[in-house]
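Numbering that gives the first Met the number 0 numbers the first residue of the sequence shown as 0 and each following residue consecutively.
These notes concern the structure reproduced below.
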Amino acid sequence: MHKNVHPGKPGEEIMNENVKIVFGLLGGLALFLYGMNGMSDALQKTAGDKMKKILSFLTKNPIMGALAGALVTAVLQSSSATTVMVIGFVSAGLMSLPQAISIIFGANIGTTMTAQIIAFKITDYIYAFIFVGFILTFVCKSERIKSIGQTIFAFGLLFLGIETMGDVMKPLASSPVFTDLIGKVSGIPVLGLLLGTAMTLVVQSSSATIAVLQNFAAQPGADGVTSILGLVGAIPILLGDNIGTTITALLASLGQSRDAKRTAIAHTIFNLSGSLVFIWFVKPYAALIQAISPKGPEVEVISRQIANAHTLFNLTMTVVWVCLLGLMVKIVMWLIPDAKDAKVNPLQPAFLDKKVIGQPTAALKLVAKEVLHCSGMVKNMLKDLAGLSKSEDPALVGKIKEQGQTLHSLMEAINDYLAELFSAGVLTELQATQTAKLMHVCGDVERMGELTADLTDVIAGKIERKYSFSEEAMEDLRKSLNQISKMYGDAMRALEQGEPEEPEKLIRRREKVMDLDINMRKAHMDRVNKGKCKAKLSAPFTRLLHCVDRMGNSCVNLADMAMEHMNFGYFLDMEDDR
Numbered sequence: 000m001h002k003n004v005h006p007g008k009p010g011e012e013i014m015n016e017n018v019k020i021v022f023g024l025l026g027g028l029a030l031f032l033y034g035m036n037g038m039s040d041a042l043q044k045t046a047g048d049k050m051k052k053i054l055s056f057l058t059k060n061p062i063m064g065a066l067a068g069a070l071v072t073a074v075l076q077s078s079s080a081t082t083v084m085v086i087g088f089v090s091a092g093l094m095s096l097p098q099a100i101s102i103i104f105g106a107n108i109g110t111t112m113t114a115q116i117i118a119f120k121i122t123d124y125i126y127a128f129i130f131v132g133f134i135l136t137f138v139c140k141s142e143r144i145k146s147i148g149q150t151i152f153a154f155g156l157l158f159l160g161i162e163t164m165g166d167v168m169k170p171l172a173s174s175p176v177f178t179d180l181i182g183k184v185s186g187i188p189v190l191g192l193l194l195g196t197a198m199t200l201v202v203q204s205s206s207a208t209i210a211v212l213q214n215f216a217a218q219p220g221a222d223g224v225t226s227i228l229g230l231v232g233a234i235p236i237l238l239g240d241n242i243g244t245t246i247t248a249l250l251a252s253l254g255q256s257r258d259a260k261r262t263a264i265a266h267t268i269f270n271l272s273g274s275l276v277f278i279w280f281v282k283p284y285a286a287l288i289q290a291i292s293p294k295g296p297e298v299e300v301i302s303r304q305i306a307n308a309h310t311l312f313n314l315t316m317t318v319v320w321v322c323l324l325g326l327m328v329k330i331v332m333w334l335i336p337d338a339k340d341a342k343v344n345p346l347q348p349a350f351l352d353k354k355v356i357g358q359p360t361a362a363l364k365l366v367a368k369e370v371l372h373c374s375g376m377v378k379n380m381l382k383d384l385a386g387l388s389k390s391e392d393p394a395l396v397g398k399i400k401e402q403g404q405t406l407h408s409l410m411e412a413i414n415d416y417l418a419e420l421f422s423a424g425v426l427t428e429l430q431a432t433q434t435a436k437l438m439h440v441c442g443d444v445e446r447m448g449e450l451t452a453d454l455t456d457v458i459a460g461k462i463e464r465k466y467s468f469s470e471e472a473m474e475d476l477r478k479s480l481n482q483i484s485k486m487y488g489d490a491m492r493a494l495e496q497g498e499p500e501e502p503e504k505l506i507r508r509r510e511k512v513m514d515l516d517i518n519m520r521k522a523h524m525d526r527v528n529k530g531k532c533k534a535k536l537s538a539p540f541t542r543l544l545h546c547v548d549r550m551g552n553s554c555v556n557l558a559d560m561a562m563e564h565m566n567f568g569y570f571l572d573m574e575d576d577r
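Below is the structure:
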């Protein structure tokens with residue numbers, strides 16, 4: 000009698016079960032991270048202006064900074080997003096180091112909201128969230144409603160990922176090998192600390208690893224009531240997660256300014272110091288958390304206990320370090336001192352930071368600052384040009400040409416940055432419209448610089464004795480340049496202050512530009528007829544007139560943009576839609 004036996008079957012089943020667990024964990028983790036990133040991106044698109052406005056209201060009060068950091072992170076559901084945003088602001092000089100550090104402190108409180116939400120058992124509503132989010136995203140035409148739909152959809156995916164991880168972890172609770180391993184980790188807090196740190200270093204998200212921890216701790220042990228891990232075993236892993244998450248800030252600070260690196264190091268010191276202190280008091284801390292958390296069977300309440308432990312840890316450390324903010328600043332200044340005789344490359348943008356491309360409100364503010372920086376360069380070039388028309392100093396020729404080359408390099412960098420911003424697909428309709436207007440402004444500012452350099456070439460020919468204009472011609476040029484400088488200053492002021500010129504005034508300016516060209520041409524021909532100027536000078540003088548005429552047109556274009564409600568206040572203050 001032959002028996003149908005398959006000696007390899009048990010081994011295959013075990014292998015298949017292990018493969019299911021591994022891929023179930025990885026797939027659930029992927030859904031969680033995708034959902035969290037999607038929710039963060041959608042929220043930034045929906046409420047990014049308001050988040051930026053909250054941060055812009057910061058004062059020198061560190062408590063306000065911590066509250067702002069907590070609020071922004073709680074809404075965005077990502078301390079990494081807040082941290083990277085703040086590092087970008089510091090790097091661009093938009094925020095002081097103490098302000099940034101206080102926001103980072105608060106961000107650590109805000110990020111605990113994810114664990115608190117996870118502790119609510121909303122698994123019955125996961126698919127409802129996904130369905131509602133899908134409908135809002137694909138049916139509604141309003142961009143704002145679509146972003147809200149994307150937020151809800153991503154929120155559902157986030158919890159679907161948590162549910163998936165929880166389901167595949169259930170068999171682990173009955174595995175003797177795994178329970179023995181967990182027993183060793185829970186019995187030696189340092190091992191738990193190292194495990195949590197390693198997990199977060201790999202995943203790059205403390206929220207994800209804490210979600211895994213909450214789900215695993217909720218698995219019952221042999222008695223079916225107590226947690227397989229227990230709160231005492233979970234807290235060291237939780238502390239390790241807080242250490243591991245600092246790697247995101249450190250990576251974001253690479254290649255940034257010294258203050259940006261100091262901000263990232265402050266984040267590291269915050270979490271490292273807290274974890275190294277709390278690790279000595281795991282058991283009394285666990286008893287405190289159990290006393291203040293809901294009562295019930297351990298497997299049912301441990302997820303909330305872990306969330307509360309996470310919140311209380313960050314709240315305690317924030318209170319401590321806010322009081323010691325001055326000390327933290329001194330520590331990071333000592334670790335990364337100011338460089339002596341540091342040279343700034345004028346060809347590199349002063350404000351642009353590609354690490355905040357995904358945060359349009361921050362990125363557009365940096366672009367606006369860079370454009371205003373370039374506008375200031377054009378004003379200086381016009382001032383130097385006016386001086387050159389009087390003194391004919393060869394040194395000024397070199398200075399203006401060098402400024403022109405720098406301006407060209409900076410404008411190329413701005414255009415490349417804006418192209419990346421558009422291609423990232425993160426701009427709202429209003430932001431895209433205002434950014435298109437900003438690009439028009441960039442074009443005219445750059446054109447003003449190029450024409451100033453062209454005029455310099457014409458005057459340089461006179462200095463080099465290639466030709467000689469009469470004193471009357473140079474006086475006409477000086478008058479024209481004074482008028483151009485005034486028009487350019489008024490137009491840029493209107494753009495900066497958001498106060499468009501009256502149509503009648505703009506019409507008069509257009510007429511002045513035309514009159515400048517006509518009068519200078521007429522005066523030149525009169526001088527040629529009277530023998531005061533040579534006829535062969537008509538070519539360089541016509542080039543000069545052409546430059547002045549085009550400069551006047553560019554000034555009028557800038558004033559036109561102000562009339563079309565383009566103003567830098569939108570980008571710099573990130574005011575609400577009006």
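Glycine included, every Cβ here is placed at the ideal spot set by N, Cα and C.
The structure presented is a predicted model; accordingly, all values stated were derived computationally and were not measured.
Under 8 Å between C-beta atoms of residue i and residue j
i	j	result
THR72	ALA106	yes
GLN433	MET560	no
ALA65	SER101	yes
ALA285	LEU230	yes
ALA435	GLY403	no
GLN228	SER185	Reading off the sequence, residue 228 comes out as Leu, not Gln. Yes, the Cβ-Cβ distance between LEU228 and SER185 is below 8 Å.
LEU28	VAL202	yes
GLY37	GLN149	yes
ILE356	ALA418	no
LEU406	GLU445	yes
THR110	SER141	no
ALA114	ALA248	no
ARG261	VAL331	yes
Reduced DSSP category for residue i - H, G, I as helix; E, B as strand; rest coil
i	result
PRO393	helix
SER185	helix
PRO219	strand
SER226	strand
PRO348	coil
PHE128	helix
VAL425	coil
CYS554	helix
ILE356	coil
CYS139	coil
ASP123	helix
LYS294	coil
LEU70	helix
MET332	helix
THR110	coil
GLU498	coil
Contact belief for residue i with residue j at Cβ below 8 Å, rounded distance in angstroms
i	j	result
LEU96	VAL321	About 15 Å separates the two Cβ atoms, so there is no contact after all.
PHE104	PHE128	Between PHE128 and PHE104 the Cβ distance is about 32 Å, and since that is not below 8 Å, they are no contact.
GLY34	LEU156	3 Å
VAL85	ALA67	With 8 Å as the limit, VAL85 and ALA67 do not qualify as a contact, their Cβ atoms being about 10 Å apart.
ILE264	LEU334	6 Å
ILE288	ALA259	Their Cβ separation, rounded to whole angstroms, is 35 Å, which puts ILE288 and ALA259 out of contact at 8 Å.
ALA412	LEU351	6 Å
ARG582	LEU544	With the chain represented from 0 up to 577, any question about residue 582 goes unanswered, as that position is not in the structure.
LEU409	ILE399	That pair is no contact at about 16 Å.
MET550	LEU476	MET550 to LEU476, Cβ: 12 Å. No contact.
LEU480	LEU571	Rounded, the Cβ-Cβ distance is 29 Å, inconsistent with contact.
LEU437	VAL547	That pair is no contact at about 26 Å.
ASP443	ASN556	5 Å
Cβ neighbours of residue i in the same chain (closer than 8 Å, five flanking residues each side left out)
i	result
ILE462	GLU391, PRO393, VAL396
VAL300	SER292, PRO293, LYS294
VAL281	PRO188, VAL231, ILE234, PRO235
ARG542	ASP453, VAL457
LYS145	LEU135, THR136, CYS139
Spatial neighbours of residue i in its chain, beta-carbon cut-off 6 Å, leaving aside the 5 residues before and after
i	result
THR196	GLY239, ILE242, GLY243
THR267	THR245
LEU159	LEU30, ILE125
VAL298	ALA217, PRO219, SER226
SER302	ALA118, GLN213, ALA217
TYR569	GLN433
ILE20	VAL167
Residues of its chain near residue i, where Cβ-Cβ distance is below 7 Å and the 5 sequence neighbours each way are ignored
i	result
LEU324	PRO61, PRO97, ILE100, SER101
MET0	Low local confidence applies: a pLDDT of 43 at MET0 is under 50, so the model's placement there is unreliable, and no value is given.
ALA349	GLU369, HIS372
Subject >> Contact between the segment 355–366 and the segment 111–126 (3+ Cβ pairs under 8 Å) >> reply: no
Original post:
Is it a yes or a no for the segment 368–388 touching the segment 474–492, going by three-plus beta-carbon pairs under 8 Å?
Top reply: yes
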